[in-house]
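Beneath this line is the structure, given in structure tokens, with notes to follow.
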Amino acid sequence: MASNAEDQQNQQGRHQEVGHKSLLQSDALYQYILETSVYPREPESMKELRELTAKHPWNIMTTSADEGQFLNMLLKLVNAKNTMEIGVYTGYSLLATALALPDDGKILAMDINRENYELGLPVIQKAGVAHKIDFREGPALPVLDLLIQDVGGVIGYDNTLWNGSVVAPPDAPLRKYVRYYRDFVLELNKALAADPRIEICMLPVGDGVTICRRIK
Ligand SMILES: C[S@@+](CC[C@H](N)C(=O)[O-])C[C@H]1O[C@@H](n2cnc3c(N)ncnc32)[C@H](O)[C@@H]1O
Numbered sequence: 008m009a010s011n012a013e014d015q016q017n018q019q020g021r022h023q024e025v026g027h028k029s030l031l032q033s034d035a036l037y038q039y040i041l042e043t044s045v046y047p048r049e050p051e052s053m054k055e056l057r058e059l060t061a062k063h064p065w066n067i068m069t070t071s072a073d074e075g076q077f078l079n080m081l082l083k084l085v086n087a088k089n090t091m092e093i094g095v096y097t098g099y100s101l102l103a104t105a106l107a108l109p110d111d112g113k114i115l116a117m118d119i120n121r122e123n124y125e126l127g128l129p130v131i132q133k134a135g136v137a138h139k140i141d142f143r144e145g146p147a148l149p150v151l152d153l154l155i156q157d158v159g160g161v162i163g164y165d166n167t168l169w170n171g172s173v174v175a176p177p178d179a180p181l182r183k184y185v186r187y188y189r190d191f192v193l194e195l196n197k198a199l200a201a202d203p204r205i206e207i208c209m210l211p212v213g214d215g216v217t218i219c220r221r222i223k
């Protein structure tokens with residue numbers, strides 16, 4: 008019979024495998040959120056894009072459904088009209104954004120990879136929101152450097168709790184890519200916390216979302 012400690016370890020192992028997009032320490036609780044609040048309200052187009060993306064080899068990159076719902080709600084609450092999407096992949100959070108904006112809303116969407124965007128594009132077109140999207144293929148940083156004087160409002164950074172690894176002990180058994188990017192995430196979180204130009208709020212939604220509001 009497995010000991011409590013073994014049970015706990017097995018549970019954690021399973022959680023890392025099954026619930027990699029959730030920081031909740033209970034897969035059952037995450038499943039409850041998805042089934043009670045997210046999936047029943049998920050627009051048909053977002054469901055279609057989520058299912059299409061699930062078949063793609065890099066599907067681990069996609070925004071989770073609970074986070075998509077959160078972003079959609081947030082954008083509506085702040086009456087967002089102009090947004091930027093940095094890192095599109097197949098476009099799940101892009102679609103969540105496009106559906107939240109008014110018909111004359113605009114999204115400047117940037118990704119170094121056009122192919123993945125084009126995979127999701129037919130779903131976005133069918134949803135009738137593609138006209139809001141200005142997709143630019145290439146690295147986002149030079150575009151952001153140009154825009155920096157004008158960028159105000161709200162910025163949401165995704166993955167700021169990085170699979171929970173931001174608090175993992177140095178010898179924790181982390182996947183290679185999680186370990187590799189962890190230091191960058193820690194550095195970003197520190198920089199955001201110390202930046203006097205913004206107010207911040209870090210939320211344990213999806214893989215961690217930090218909302219920043221520019222005040223200067
Ligand atoms: C985690 S995925 C984004 C997930 C996406 N928001 C979604 O809802 O599925 C990160 C994306 O950033 C893109 N990327 C990586 N480096 C970039 C850069 N320097 N400029 C713009 N996009 C970049 C990658 O090609 C990848 O598609």
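Numbered per the numbering used here, the sequence shown spans residues 8 to 223. From the three backbone atoms N, C-alpha and C, an ideal C-beta is built for every residue, glycine too.
Query	Result
Local Cβ density within 10 Å of Trp65, reported as buried at 16 or more and exposed below that	exposed
Nearest-angstrom Cα separation, counted from Glu125 out to Ala175	36 Å
Residues near Leu30 by beta carbon distance below 6 Å, same chain, minus five either side	Leu168, Gly171, Pro211
Residues near Pro222 in its chain [Cβ-Cβ closer than 7 Å; skip 5 each side]	Strictly speaking, residue 222 in this sequence is Ile, with Pro absent from that position. Result list for Ile222: Arg204, Ile205, Glu206, in chain order.
Selected residue, minimal CA-CA separation from Gly159, among Gln76, Val85, Glu55, Gln32	Val85
Thr217 classed as buried or exposed, judged by whether at least 16 other C-beta atoms fall within 10 angstroms	buried
Test item: CB-CB of Met53 and Ala103 under 9 Å	yes
Proximity of Leu108 and Ala87 at Cβ, strictly below 9 Å	yes
Selection from Cys219, Arg57, Arg48 that minimises the alpha carbon distance to Gly98	Arg57
Cutoff 8 Å; reference Glu49; Cβ partners in own chain excluding five residues on either side	Arg57, Ala72, Gly75, Gln76
Where Thr217 falls: helix, strand or coil (DSSP)	strand
Identified DSSP bridge partners for Val161	Arg220
Separation of Ile131 from Arg143, as counted between CA atoms	16 Å
Closest residue to Gly112 among Leu82, Asn123, Leu128 (Cα-Cα distance)	Leu82
Run of the beta strand (DSSP E) containing Gln113, from where it starts to where it stops	The sequence shown places Lys at residue 113, rather than the Gln named in the question. Note, Lys113: beta strand (DSSP E), 113-118.
Range covered by the alpha helix (DSSP H) that runs through Asp34	34-40
Length of the line joining the Cα atoms of Gly127 and Lys133	10 Å
Reduced DSSP category for Arg48 - H, G, I as helix; E, B as strand; rest coil	helix
CA-to-CA distance, Ile40 to Ala219, given in whole angstroms	Note on residue identity: the sequence assigns Cys, not Ala, to residue 219. Their backbone Cα atoms lie some 25 Å apart in a straight line.
Cβ-heavy atom distance, Thr70 to ligand 1, below 8 Å	yes
Near ligand 1: Pro50 beta-carbon under 8 Å from a heavy atom	no
Proximal residues to Ala105 (C-beta, below 8 Å), its chain only, five neighbours per side dropped	Gly112, Ile114, Ile131, Ala134, Val136, Ala137, Lys139, Ile140
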